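Chemist: For the sequence shown, the numbering used here gives the first residue as 404, with consecutive numbering after it.
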Amino acid sequence: MSAGTNRVVTYDEWKAEGVRRFGKDMMTWRFVCPACGHVIAVRDWAIAGAPKGAVGFSCVGRWLLNARDAFGTGPGPCNYAGGGLFGLNPVTITDGAKDGGAVHYFDFAE
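Next comes the structure, spelled out in structure tokens:
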């Protein structure tokens, strides 16, 4: 699945796909930022000091010095935020929110 497409899954389907691709240790799961294409492991967000809610939602560059602009040019990571004006996150998890609502995530990296 490439960035820019929309895919709807349940939390259980999403988690099963993550385990199949990367194993049970979620810290090794990798995602691709839909704005800059940077591949980010969950561990990278933790190292950068990002809150847990940022994982798969906003690019890790938001917590790093000298990140490029989300819609600029050059290599990532960038400062893209999934909750901003432009919602590019291509995966909708229908029952992924604490209140049972949907959340929008980055796609898994290849």
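From the three backbone atoms N, C-alpha and C, an ideal C-beta is built for every residue, glycine too.
If you're wondering where the values come from, they're calculated on a predicted model, not measured in any experiment.
1. What is the C-beta distance between Tyr483 and Ala438, in whole angstroms, given that I count them as a contact (C-beta under 8 Å)?
2. Could you tell me the alpha carbon to alpha carbon distance between Arg465 and Gly479, rounded to whole angstroms?
3. CA-CA distance, Met404 and Phe434?
4. Start and end of the beta strand (DSSP E) containing Gly484?
5. Determine which residues share a DSSP beta bridge with Thr495 and list them.
6. Quick one: is Gly503 buried, meaning 16 or more other Cβ sit within 10 Å of its Cβ, or exposed?
7. Can you tell me whether Phe434 is helix, strand or coil according to DSSP?
8. Along the chain, where does the alpha helix (DSSP H) that runs through Ala451 open and close?
Modeler: According to the data block:
1. 4 Å
2. 11 Å
3. Confidence at Met404 is low in this model, with a pLDDT of 37, below 50, so the placement of that residue should be treated as unreliable; the coordinate-derived value is given next. Their Cα atoms are separated by approximately 11 Å.
4. With the sequence shown as reference, residue 484 is identified as Ala, and Gly is not the correct amino acid for it. It is not in any beta strand (DSSP E) - Ala484 carries neither H nor E in the DSSP assignment.
5. Val411, His507
6. exposed
7. strand
8. 445-451
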